[in-house]
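To start, the structure under review is shown below, and the notes come after it.
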Amino acid sequence: EDQVTQSPEALRLQEGESSSLNCSYTVSGLRGLFWYRQDPGKGPEFLFTLYSAGEEKEKERLKATLTKKESFLHITAPKPEDSATYLCAVQAAGSARQLTFGSGTQLTVLP
Amino acid sequence: DAMVIQNPRYQVTQFGKPVTLSCSQTLNHNVMYWYQQKSSQAPKLLFHYYDKDFNNEADTPDNFQSRRPNTSFCFLDIRSPGLGDAAMYLCATSRELLVQETQYFGPGTRLLVL
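Same order as they appear, the protein sequences are chains A and B. Quick note on our numbering: the first sequence kicks off at 18 and runs consecutively. Quick note on our numbering: the second sequence kicks off at 2 and runs consecutively.
Pasting the structure below:
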């Protein structure tokens with residue numbers, strides 16, 4: 018059974034304090050790993066897709082990396098507007114419809 | 002802007018009273034999904050449509066049904082809502098039903114059952 022574990026569950030940072038969120042996964046034949054941002058009371062907003070180990074993608078203060086067992090979302094010099102829950106999801110081979118989500122990391126950036 | 006739209010954003014219903022949630026998309030995507038997300042939990046896939054083909058997840062309760070009258074619209078019907086059905090309901094779309102296709106989510110409908 019595909020599993021996704023995100024850590025930590027919650028993270029509080031001071032503005033400008035860089036850190037990383039972790040997404041560990043167990044999946045038979047990874048086809049894609051997706052990062053989403055979810056603000057309170059809203060739907061997930063797509064950030065990145067990673068397809069193979071060693072791949073990296075960047076967007077503003079966010080950088081996502083992928084290994085064979087986990088993905089990291091690095092946040093450099095975060096701002097209060099980066100506060101949100103960050104969700105990781107994996108897609109396995111032969112399962113085009115199914116995204117297996119982690120429970121998310123709730124990030125709070127204090128001014 | 003092309004997007005996924007959900008109405009209403011908040012819905013209050015009574016225990017056992019049928020309720021319908023609506024989703025529309027301007028992306029012209031072939032696939033539409035419905036997820037249930039309870040507080041601080043991961044979204045859980047209920048079912049999806051590929052064009053007009055309906056696919057139910059094995060553990061989706063019979064109380065949940067869906068309709069897709071055309072490419073743009075999809076509805077979630079809850080026939081007899083229970084207190085445990087209070088949740089955020091998310092609609093998502095993808096261009097095709099292929100691996101590596103990104104799913105794009107709407108803003109969600111928060112359902113409260115009294």
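Note that the Cβ used here is the ideal one computed from N, Cα and C, for glycine as well.
- Item | Beta-carbon proximity of P82 (chain B) to V13 (chain B), cut-off 7 Å | Position 81 of the second sequence holds residue 82 (chain B). Position 12 of the second sequence holds residue 13 (chain B). Contact annotation: P82 (chain B) and V13 (chain B) have beta-carbon atoms that are not nearer than 7 Å.
- Query: Is D86 (chain B) helix, strand or coil when you go by DSSP?
  - Reply: To locate residue 86 (chain B), count along the second sequence from 1; it is residue 85. Looking at D86 (chain B) - three-state DSSP - the assignment turns out to be helix.
- Starting from the beta carbon of A88 (chain B), find every residue of chain A whose beta carbon is closer than 8 Å, and list them in chain order. Against the second sequence, residue 88 (chain B) aligns to sequence position 87. Going along chain A, no residue has its Cβ under 8 Å from A88 (chain B), so there is no contact; the nearest lies around 12 Å.
- Considering N71 (chain B), what are the terminal residues of the beta strand (DSSP E) in which it resides? Residue 71 (chain B) sits at position 70 when you count from the first residue of the second sequence. Segment: none, N71 (chain B) is in no beta strand (DSSP E) and carries neither H nor E.
- For P9 (chain B), decide whether its Cβ has a neighbour in chain A, counting only Cβ atoms nearer than 7 Å. If you number the second sequence from 1, residue 9 (chain B) lands on position 8. Among the residues facing chain A, P9 (chain B) is not included, as its CB has no counterpart in that chain under 7 Å away.
- Task: Starting from S25 (chain B), follow the beta strand (DSSP E) in both directions and report where the run begins and ends.
- Result: Walking along the second sequence from the start, residue 25 (chain B) turns up at place 24. 20-26 is the extent of the beta strand (DSSP E) around S25 (chain B).
- Query: Since Q55 (chain A) contacts L104 (chain A) with CB under 8 Å, what's their CB separation in whole angstroms?
  - Reply: Taking the first sequence and counting its residues from 1, one reaches residue 55 (chain A) at position 38. Taking the first sequence and counting its residues from 1, one reaches residue 104 (chain A) at position 87. Cβ atoms of Q55 (chain A) and L104 (chain A) come within 8 Å of each other, at about 6 Å.
- Kindly confirm or deny that the stretch 40-60 of chain B and the stretch 2-11 of chain B touch, where touching means at least three C-beta pairs closer than 8 Å. no
- Beta-bridge pairing of F48 (chain B) - partner residues as DSSP gives them: Position 47 of the second sequence, counted from the first residue, corresponds to residue 48 (chain B). Partner(s): B:W35, B:N57.
- Message: Please confirm whether Q108 (chain A) has its beta-carbon closer than 7 Å to some beta-carbon of chain B.
- Response: Here the question's residue 108 (chain A) lines up with position 91 in the first sequence. Closer than 7 Å: yes.
- Task: Could you tell me whether the Cβ atoms of A70 (chain A) and L90 (chain A) are closer together than 7 Å?
- Result: One-based indexing of the first sequence puts residue 70 (chain A) at position 53. One-based indexing of the first sequence puts residue 90 (chain A) at position 73. Not in contact: A70 (chain A) and L90 (chain A) (Cβ atoms no closer than 7 Å).
- Helix, strand or coil for D99 (chain A) per DSSP? In the first sequence, the residue the question calls residue 99 (chain A) occupies position 82. Here D99 (chain A) sits in helix by DSSP.
- Which residues of chain B have a Cβ atom closer than 8 Å to the Cβ of T66 (chain A), listed in chain order? Your numbering for residue 66 (chain A) matches position 49 in the first sequence. Going along chain B in sequence order, the residues near T66 (chain A) (Cβ under 8 Å) are Q101, T103.
- Query: So, does the CB of R48 (chain A) fall closer than 7 Å to a CB anywhere in chain B?
  - Reply: Here residue 48 (chain A) corresponds to residue number 31 of the first sequence, with the count starting at 1. Taking Cβ atoms only, chain B reaches closer than 7 Å to R48 (chain A), which makes this a yes.
- Helix, strand or coil for K194 (chain A), going by three-state DSSP, please let me know. This structure cannot settle anything about residue 194 (chain A), because the visible part of chain A is limited to 18 through 128.
- Item | Separation of E34 (chain A) from S95 (chain B), as counted between CA atoms | Walking along the second sequence from the start, residue 95 (chain B) turns up at place 94. Walking along the first sequence from the start, residue 34 (chain A) turns up at place 17. Using only the alpha carbons, I get a separation of about 35 Å.
- Message: Determine, for K146 (chain A), whether the minimum Cβ-Cβ distance to residues of chain B falls below 7 Å.
- Response: Outside the displayed range of chain A (18 to 128) lies residue 146 (chain A), so it cannot be described from this structure.
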